[in-house]
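Just so you know, we're using my numbering here: the sequence shown kicks off at 251 and counts up by one. Using N, Cα and C, we set each Cβ at its ideal position, and we do this for glycine too. Working notes, beginning with the structure itself.
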Amino acid sequence: PVVCDIADEAACQAAADQVVDEYGRLDVLVNNAFDGGDAKAFMDADMDRWRQTMEVNLFGSLAMTRACVPHLGANGDGRVIMINSMSVQRIQPRWGAYVASKGALASVTKNLALELGAQGSRVNAIHPGYIYGDSVEWYFNHLAEKQGISFQEVYDEVASETCLRYLPHSEEIAGTAVYFASPLAKPVTGQMIGVN
Numbered sequence: 251p252v253v254c255d256i257a258d259e260a261a262c263q264a265a266a267d268q269v270v271d272e273y274g275r276l277d278v279l280v281n282n283a284f285d286g287g288d289a290k291a292f293m294d295a296d297m298d299r300w301r302q303t304m305e306v307n308l309f310g311s312l313a314m315t316r317a318c319v320p321h322l323g324a325n326g327d328g329r330v331i332m333i334n335s336m337s338v339q340r341i342q343p344r345w346g347a348y349v350a351s352k353g354a355l356a357s358v359t360k361n362l363a364l365e366l367g368a369q370g371s372r373v374n375a376i377h378p379g380y381i382y383g384d385s386v387e388w389y390f391n392h393l394a395e396k397q398g399i400s401f402q403e404v405y406d407e408v409a410s411e412t413c414l415r416y417l418p419h420s421e422e423i424a425g426t427a428v429y430f431a432s433p434l435a436k437p438v439t440g441q442m443i444g445v446n
């Protein structure tokens with residue numbers, strides 16, 4: 251593993267170079283680091299906190315992508331996968347910083363697909379909803395306690411908003427990343443797949 255602060259462009263470059271030094275090439279970049287924002291209403295929010303969220307979710311992803319692009323282009327078949335969020339389609343109150351950063355990332359994904367396509371690199375995005383795991387379980391328990399209902403009631407309420415009535419685990423989200431990284435997606439770029 252390589253530890254990297256993606257909000258630091260020099261650290262991104264060092265991480266990309268270390269991968270190439272170790273393996274001789276770099277084929278796939280999955281931008282998955284994120285900052286969830288401050289969960290405050292716009293008028294109560296600290297704009298510096300919004301900037302921090304943008305630094306990680308947008309500019310950090312761009313810095314890591316920029317550091318990797320020369321290596322990805324070297325083999326003429328690079329893949330960049332942005333882990334985005336359904337929050338850009340299903341807006342909820344108090345998530346403005348997060349939504350703004352992910353909305354910008356959604357737009358720039360299409361821009362990068364256009365610009366990097368000439369070197370053979372594909373740029374796509376995955377837009378998950380809730381990804382079921384420890385942090386979501388903690389959050390649902392918190393909501394249940396706050397609302398005086400059971401964990402299962404919270405889970406069922408959130409899951410009822412999805413077509414399949416369940417919340418996928420990270421392994422299921424990873425399957426879509428594998429698809430985007432594979433030859434099966436060779437002619438696919440600038441696209442978003444909702445995995446929710």
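Inter-residue Cα distance where the pair is A257 and S371: 23 Å
Residues that I333 bridges to, as DSSP identifies them: I376
Beta-carbon proximity list for D255, same chain, < 6 Å, skipping 5 on both sides: A261
Proximity of T315 and V338 at Cβ, strictly below 8 Å: no
Beta-bridge pairing of N248 - partner residues as DSSP gives them: Coverage of the chain is limited to positions 251 through 446, which leaves residue 248 absent and any answer about it impossible.
Residue nearest to A264 in terms of C-alpha spacing, selected from V358, M297, H321: H321
Per DSSP, the bridge partner or partners of Y382: H419
Inter-residue Cα distance where the pair is Y405 and D271: 45 Å
Through-space distance from G398 to T426, alpha-carbon basis: 36 Å
CA-to-CA distance, G310 to Y389, given in whole angstroms: 26 Å
contact_flag[the stretch 338–347, the stretch 294–306] where n(CB pairs < 8 Å) is 3 or more: yes
Cα-Cα separation, M304 to A409: 28 Å
Nearest candidate by alpha-carbon position, reference G274, set V253, A291, E411, C318: C318
Exposure label - P378; buried when at least 16 CB within 10 Å: buried
Opposing strand residues paired with V278 [DSSP bridges]: R329
8 Å Cβ cutoff met for N374 and T439: yes
Whole-number beta carbon distance between M442 and A354, since they are thought to touch under 8 Å: So it is not a contact: roughly 14 Å between Cβ atoms.
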